[in-house]
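**Student:**
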Amino acid sequence: MLFLFIVLCVHVRVCVCAWARACFCSFTFGLHCYWLDCSHPPIHPIATIATDGAAGINAPGSASLINVKKPDGAAAMEMQPLKSAEGGEADEKERKRVSVPKKEKSVLQGKLTKLAVQIGKAGLLMSAITVIILVLFFAIDNFVMQKRPWLPECTPIYIQYFVKFFIIGVTVLVVAVPEGLPLAVTISLAYSVKKMMKDNNLVRHLDACETMGNATAICSDKTGTLTTNRMTAVQCYVGDVHYKEIPDPGALPPKSLELLINAISLNSAYTTKILPPDKEGGLPKQVGNKTECGLLGLVLDLKRDYQPIRNQIPEEKLYKVYTFNSVRKSMSTVIKLPDGSFRMYSKGASEIVLKKCSHVLNEVGEARVFRPRDKDEMVKKVIEPMACDGLRTICVGYRDFPGDPEPNWDDENNILSDLTAICVVGIEDPVRPEVPDAIQKCQRAGITVRMVTGDNINTARAIAIKCGIIHPGEDFLCIDGKEFNRRIRNEKGEVEQERIDKVWPKLRVLARSSPTDKHTLVKGIIDSTMVDQRQVVAVTGDGTNDGPALKKADVGFAMGIAGTDVAKEASDIILTDDNFSSIVKAVMWGRNVYDSISKFLQFQLTVNVVAVIVAFTGACITQDSPLKAVQMLWVNLIMDTFASLALATEPPTESLLKRKPYGRNKPLISSTMTKNILGHGVYQLIIIFTLLFAGEQIFDIDSGRNAPLHSPPSEHYTIIFNTFVMMQLFNEINARKIHGERNVFDGIFRNPIFCSIVFGTFAMQIVIVQFGGKPFSCQPLDLEKWMWCVFLGLGELVWGQVIASIPNARLRFLRRAGQLTQKDECPEEDVNEENEEIDHAERELRRGQILWFRGLNRIQTQIEVVNTFKSGTSFQGAGALRRQSSTTSQTQDVTNVSSPSHVSLSNALSSPTSTTAATAPPTTGQC
């Protein structure tokens, strides 16, 4: 009883708090609107709100920026600087330019919103009809049929009947409205987020978990995500010889070896190091840039050490450094030699650096001319074979400069040219062993995986084949960034969606790509309309420049180990292990959230349908609901709080990855769920109505129908209540499967929360029936009647097998419940020629914010008047201030409403019209 009391208190407290909060908000908002819109002239807020308001208002053209921010992306109010009337057109263009489109709703959020509205309307209609029928039946039966007069002494009795009818109607409404739906969503998301942390997914935005379950495309980086990000030099080309394995130092020309060691040691970040292994027998620990670690590993393999060279020329003595970036694709370091001359070491992508080389070291370490024909031959015989083996090819070169005159180091194009090639190194970054299986699961789940990398096209293709992204004989597209931009841009260099639509469906590998290319690809896939379902795109990124792509994507994954702070801030989920297989787990958890909500809906709607029909029919026929108000609240507690906790905590299984994404247009309630809801509803209604109208004969007990107003509880109605709860308990087990599976007990013991809630609810039902008494309208039952109630409840499991045998093809009706229509999915046309998705609730929220700023402005103005009196200043100044505030506020208008998070307000302070109006008497109005 104590547990029940605590649970009921919590449940009632939540309901009361929600009701009180809604009433308070409605009352204050309505009062505020009445005060502003009825008693006072309509005004708009003045942007300048400061401690010294007079100074701000008296300064024409002054402005301040106000940002009202709320957590988790709630609406924010941004008020633009005040401008003159002459600058109105320019301000309009500026507002159009800076308007920020709103990120549209998640798939589940949109479907749940529509479904909740549909259920709410149906429940309100049923409750109203119930009350009307009860009142009319009572009035006609007593005052028309029996012709009883309305006696004053009978008024309290009549009122009690009317209150009883009203309580029945409210009970029907409470049971019909799925107030437990938000609780189920929250529990499911919170539970999934907590469990996802153990699967190396740190969720930053809660809805990203559910969105990932509907992902149709993943644009993944290569290095560190698909590969181990542990670079090892395995091949090299030195002195016109291609070594398939790292050679012995004695086999290399001494001069070439010395230049190579110095070039790698000095032309690398000094923070990049190779440390001894943490455990004996383990691999050396790589710290810093992994590509540079691979080159430093080559130095160690050549039986040399890079640290003495760095000690001889510390980092502060480096003369000039051209750092690596996505444009250069190379890094160069200039040192000053003892004779006063300069030497520049350079390394980078082989095809980029080789184009800048005019000489190459031969077999004795001497420079010879490097002709274009020689470059082409090296590409074909060295670089392409390395790339086809999945190796990253790095070219190392150098150039000497005279000390007098000193070169112009800012002339980068001339400095980074005329190089002498020392060697070409092939670095291997092995594919993670678990990645091919993870990509295969994605493909089986209907998710297209695309690799977006900065590597050579041949290297990227080889890695993609190893990962299973592409398969020989398939119709796919592997292109580099240059070819990608050539295909998607017109003659003016502008990106065209029609051109992107011809590329992205077959694109699997995008090599030598820049962060801009990644963002363009993601935006093109999301904005594409060539497929029926809008693509839901997930993107991985680790660099600062990946921020725009991570923001644009539906779900952005940042690397927790190699990722920058900017990338993590722009992401929705952080992969703490930088592993692609963790993305597959995120997909699984996202689909599990969707399924958990569907399970809860199937169970709750079954209870809703049965409880509403029983209460409505029973009230209309017997003038009383077979399920009393307190009993309905207990049922409501079972199907809302307990059921959401039980069904929303189901662990995911691999079977979730064996079907395609649900998509944005597929109804939330599938045909199988509709079949289950209607099938179980029919079974329960047959049992309840049989017990209601023939139960007293079956069990040989007194009838509970047509009982007086304050009659004691009856065994008849107690059996109905107990049987109803038993059927819900066993139907909760049926609700664990929503795709037509027959074994509803599969994996039930993997969810201890579900088992605890089912057994706990059963125990509480025993306590309520046997000891609830009049508060719960229950009469204690003997063992035989209990066994009959449990037996009828067990019939739900048998009936579930019968329902599973019925084909879905015959149930085409009621398939569109919770389905997003094209209008719901497509954003509305905005005045800024931007398509945005703004629902009615958000517009009301924005309107409320504007009204509150109006009130704040009026309060500020009144405070200024009071302060003027207190300071002893003449009333003329305060009146002028009041007039200026009122008139200028009235001329303001909400000229641009771009999104729920940004509302731009403007006015004209310095126009002649405004100046003239300021001298006119102010319009006043008081309550």
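Count the sequence shown with mature numbering (1 follows the signal peptide of the UniProt record, and there is no 0) and you get residues -17 to -1, 1 to 910, in order. Beta carbons: idealized from backbone N, C-alpha and C, even for Gly.
#1: By Cβ distance below 6 Å, which residues in the same chain neighbour G783 in space, the five residues on each side in sequence not counted?
#2: Quick check: what's the CA-CA separation for residue 913 versus E847?
#3: With respect to the beta strand (DSSP E) encompassing V176, which residues constitute its N-terminal and C-terminal limits?
#4: Have a look at D497 and L95 and give me their C-alpha separation to the nearest angstrom.
#5: What does a CB cutoff of less than 7 Å around I740 pick up in its chain, not counting 5 residues either side in sequence?
#6: Under the three-state reduction of DSSP, which class applies to I201: helix, strand or coil?
#7: Output needed for I229: all residues of its chain with C-beta closer than 6 Å, excluding positions within five of it in sequence on either side, in chain order.
#8: At what residue ranges does the segment 691 to 720 contain a whole run of the alpha helix (DSSP H), taking only runs of 4 or more?
#9: For K303, name the three-state secondary structure that DSSP assigns.
#10: How big is the Cα-Cα spacing for V785 and L98?
#11: With a CB to CB cut of under 8 Å and the five nearest residues on each side skipped, what residues in its chain are close to V773?
#12: Considering only the beta carbon of each residue, do G539 and G526 sit closer than 8 Å?
#13: Which value, in whole angstroms, describes the spacing of the CA atoms of I669 and M747?
#14: Please classify I410 as buried or exposed, where buried requires at least 16 other C-beta atoms within 10 Å of its C-beta.
#15: Out of N528, Y577 and V567, which has the shortest C-alpha to C-alpha gap to A553?
#16: Is V418 close to the ligand COA? I mean its beta-carbon at under 7 Å from any heavy atom of the ligand.
#17: From the DSSP output, in three-state form, read off F126 for me.
#18: What ranges does the alpha helix (DSSP H) occupy inside the segment 243 to 267, keeping only unbroken runs of at least 4 residues that lie completely in it?
#19: What does the Cβ neighbour count give for M434, buried or exposed, with the cut at 16 atoms within 10 Å?
#20: What are the boundary residues of the beta strand (DSSP E) that includes H225?
#21: Could you name the residues of the same chain whose beta carbon sits closer than 6 Å to that of A612, not counting the 5 residues immediately before and after it, in chain order?
#22: Hey, quick one: how far does the alpha helix (DSSP H) through N184 stretch, first residue to last?
#23: Determine which residues share a DSSP beta bridge with T210 and list them.
#24: How about the segment 592 to 612 and the segment 696 to 708: do they share at least three Cβ pairs that are nearer than 8 Å?
#25: Would you say M513 lies against chain B (beta-carbon separation less than 8 Å)?
#26: Mapping the DSSP letters down to three states, classify T547 as helix, strand or coil.
#27: Just how far apart, CA to CA, sit residue 973 and E162?
#28: Given that a residue counts as buried once 16 or more other Cβ atoms are within 10 Å of its Cβ, and exposed if not, what is I842?
#29: Is there contact here, the segment 428 to 448 with the segment 256 to 272, by at least three beta-carbon pairs under 8 Å?
#30: Excluding five sequence neighbours on each side, which residues of the same chain lie with their C-beta closer than 7 Å to the C-beta of P297?
#31: How would you label residue 917, buried or exposed, when you count the other beta carbons within 10 angstroms and need 16 or more for buried?
#32: Nearest-angstrom Cα distance between G280 and T215?
#33: Under a three-way DSSP split, which group does F732 fall into?
#34: Would you report the Cα separation of F121 and L639, rounded to the nearest angstrom?
#35: For the alpha helix (DSSP H) holding Y144, just list the boundary residues, first then last.
#36: Tell me whether the segment 480 to 487 and the segment 172 to 191 touch, counting them as touching only if at least three CB pairs, one residue from each stretch, are closer than 8 Å.
**Tutor:** Let me spell this out:
#1: Contacts found: N717.
#2: Nothing in the structure corresponds to residue 913, since the chain is present only between -17 and 910.
#3: It is not in any beta strand (DSSP E) - V176 instead sits in the alpha helix (DSSP H) that spans G163 to K181.
#4: Note that residue 497 is Ser in the sequence shown here, rather than Asp. C-alpha separation (whole angstroms): 39 Å.
#5: Here I740 has F625, L628 and A629 as same chain residues with Cβ atoms under 7 Å from its own Cβ, once five neighbours each way along the sequence are excluded.
#6: In the structure shown, I201 sits in a strand (DSSP, three-state: E or B).
#7: Spatial neighbours of I229 in its own chain (CB-CB distance under 6 Å, excluding positions within 5 residues in sequence) are listed in chain order as D284.
#8: Counting whole runs of 4 or more residues, the segment 691 to 720 contains the alpha helix (DSSP H) stretches 698 to 717.
#9: If DSSP states are grouped into helix, strand and coil, K303 belongs with the strands.
#10: For the pair V785 and L98, the Cα-to-Cα distance works out to about 28 Å.
#11: Leaving aside the five residues that flank V773 on each side, the residues in its chain whose CB is nearer than 8 Å to its CB run, in chain order, M709.
#12: For G539 and G526, no; Cβs fall outside 8 Å.
#13: Separation of I669 and M747 (C-alpha to C-alpha, rounded to the nearest whole angstrom) is 26 Å.
#14: If you draw a 10 Å sphere on the C-beta of I410, you find 16 or more other C-beta atoms in it, and that means buried.
#15: The residue with the shortest Cα to Cα distance from A553 is N528.
#16: The ligand COA is not part of this structure, which contains no ligands at all.
#17: In this structure, F126 counts as helix in the three-state DSSP scheme.
#18: Runs of the alpha helix (DSSP H) lying entirely within the segment 243 to 267 and spanning at least 4 residues: none are present.
#19: Buried, because 16 or more other Cβ atoms sit within 10 Å of the Cβ of M434.
#20: Where H225 is concerned, the enclosing beta strand (DSSP E) stretches over V224 to Y226.
#21: Contacts found: I150 and T154.
#22: Run containing N184: none in the alpha helix (DSSP H); it sits in the beta strand (DSSP E), N184 to V186.
#23: Per the DSSP secondary-structure output, T210 pairs in a beta bridge with V414.
#24: Cβ pair count under 8 Å is three or more, so yes.
#25: In the displayed structure, chain B is absent; only one protein chain is listed.
#26: For T547, the three-state secondary structure derived from DSSP is coil.
#27: A question about residue 973 goes unanswered here, because the residues of the chain that appear run from -17 up to 910.
#28: Counting the other CB atoms within 10 Å of its CB gives I842 a total below 16, which places it among the exposed residues.
#29: As far as the Cβ criterion goes, the segment 428 to 448 does not touch the segment 256 to 272, which means the pair count is below three.
#30: Excluding its 5 nearest sequence neighbours in each direction, P297 has no C-beta neighbour in its own chain below 7 Å.
#31: Missing from the structure shown is residue 917; the chain here goes from -17 to 910 and no further.
#32: If I take the Cα positions, the gap works out to 7 Å.
#33: DSSP, read as helix, strand or coil, puts F732 in helix.
#34: Near 54 Å, if we compare the C-alpha coordinates of L639 and F121.
#35: For Y144, the enclosing alpha helix (DSSP H) begins and ends at T138 to A159.
#36: The answer is no - the segment 172 to 191 does not touch the segment 480 to 487, with fewer than three Cβ pairs under 8 Å.
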